[in-house]
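In this note's numbering, the protein residues as written are 1 to 241.
A virtual CB, placed ideally from N, CA and C, is assigned to each residue, including glycine.
Just so it is clear, the structure is predicted and the values come from calculations on it, not from any experiment.
The next block holds one structure in the form of structure tokens; read it before the comments.
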Amino acid sequence: MSTTPAQDGTQWFLHTWRDHILEPIETALTVLDVEHTELAAEQDGLEDFLQRLRAVDPAQQPSAPVGARSRQSESGPVKALRDAYADTVLAVDHYESVYDESLVENVAIEFGPDYAALFHPETNVGFSPPLKRSLVAAAEQAIDERISLDRAVKIEQESMQEYHSSLQEIIETLDSTVVPEWYRETFRNDVTALLQERQEQLHASVHRFETHEFCTYMYEEQFWTYPVLTSLARLQESVDS
1 MSTTPAQDGT
11 QWFLHTWRDH
21 ILEPIETALT
31 VLDVEHTELA
41 AEQDGLEDFL
51 QRLRAVDPAQ
61 QPSAPVGARS
71 RQSESGPVKA
81 LRDAYADTVL
91 AVDHYESVYD
101 ESLVENVAIE
111 FGPDYAALFH
121 PETNVGFSPP
131 LKRSLVAAAE
141 QAIDERISLD
151 RAVKIEQESM
161 QEYHSSLQEI
171 IETLDSTVVP
181 EWYRETFRND
191 VTALLQERQE
201 QLHASVHRFE
211 THEFCTYMYE
221 EQFWTYPVLT
231 SLARLQESVD
241 S
């Protein structure tokens with residue numbers, strides 16, 4: 001039996017309405033998936049750089065007198081470091097679209113301005129053994145930061161998937177935006193439970209990160225900061241319960 005235009009219109013409305021409610025959580029899942037992919041690539045790049053960094057021998061030369069400029073050869077440690085960084089950290093697929101910084105600028109942001117001077121092609125900073133050790137430590141810290149953030153991303157992904165399933169189950173029980181009388185108490189209790197659960201999570205932390213700061217960073221390009229609360233607010237505002 002074919003459907004009537006009115007039935008088709010109702011189905012289209014319900015489909016659009018459900019999409020509108022779930023859109024923040026689904027967008028969050030997309031954002032988190034991209035972030036996970038980028039973090040994994042950056043971690044791999046930093047680990048490859050660290051391996052090449054450890055193979056670069058420090059410069060064996062006396063310190064320059066105060067006031068003198070002792071430019072290192074471009075064929076020495078400086079070139080080896082620049083090549084290693086360009087071939088690894090700067091070579092990730094998303095580098096230009098996300099960062100688009102020069103090599104020296106990125107080193108300054110990643111490791112600090114003191115290390116950025118070492119990577120300048122005309123530097124007069126000697127690549128001494130102590131400097132190498134501290135640069136190795138800085139690279140290890142950058143890797144650890146990616147690992148920690150990626151763990152937080154995975155925790156958030158699991159949370160978003162659970163809320164998506166719970167919210168989808170609630171809205172799929174409705175065949176209109178009017179909640180039936182017999183279902184209203186259950187509906188309100190279910191929505192309230194999800195709200196309270198998510199608010200408790202937001203007052204906690206996500207693997208070393210304060211949850212509010214994590215959400216602000218992760219969803220900074222969206223019109224909202226809290227996808228679950230936004231989805232629940234859309235549901236509450238759009239139904240007669």
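| Item | Value |
| --- | --- |
| Beta-carbon gap between Gln43 and Ile143 smaller than 7 Å | yes |
| Beta-carbon proximity check, Ala84 vs Phe49, cutoff 7 Å | yes |
| Residues near Gly67 by beta carbon distance below 6 Å, same chain, minus five either side | Only weak support is given to the placement of Gly67: the predicted model assigns it a pLDDT of 38, under 50, and the value that follows is read from those uncertain coordinates. Here the set comprises nothing. |
| 6 Å Cβ shell around Pro227 - same chain, five flanking residues per side excluded | Pro24, Ile25 and Ala28 |
| Residue interval of the alpha helix (DSSP H) (run including His164) | Pro129 to Ile171 |
| C-beta contact flag for Ala80 and Val104 at 7 Å | no |
| Bridge partner(s) assigned by DSSP for Ser205 | Glu210 |
| Simplified DSSP state of Asp175, which is helix, strand or coil | coil |
| Three-way DSSP call (helix, strand, coil) for Asp19 in this model | helix |
| Thr18 and Ile147 closer than 7 Å at C-beta | The question names Thr, but residue 18 in the sequence shown is Arg. Contact flag unset, no. |
| Other residues of its chain near Met160: CB distance less than 8 Å, five sequence neighbours each side excluded | Ile25, Ala28, Leu29, Leu32, Pro227 and Val228 |
| Paired residues, beta bridge with Asp240 - DSSP | Val178 |
| Cβ-Cβ distance between His94 and Glu38 below 7 Å | yes |
| C-beta contact flag for Val179 and Ser238 at 7 Å | no |
| Beta-carbon spacing of Pro58, Lys132 below 7 Å | yes |
| Buried/exposed call for Asp175, threshold 16 Cβ in 10 Å | exposed |
| Cys215 beta carbon less than 7 Å from that of Arg225 | The amino acid at residue 225 is misidentified as Arg; the sequence shows Thr. Cβ atoms of Thr225 and Cys215: closer than 7 Å. |
| Beta carbon of Ile21 nearer than 7 Å to that of Leu235 | yes |
| Local Cβ density within 10 Å of Ala204, reported as buried at 16 or more and exposed below that | exposed |
| Cβ neighbour criterion (16 or more within 10 Å) applied to Glu96 | exposed |
| CA-to-CA distance, Ala116 to Glu47, given in whole angstroms | 19 Å |
| Ala40, DSSP secondary structure in three states | helix |
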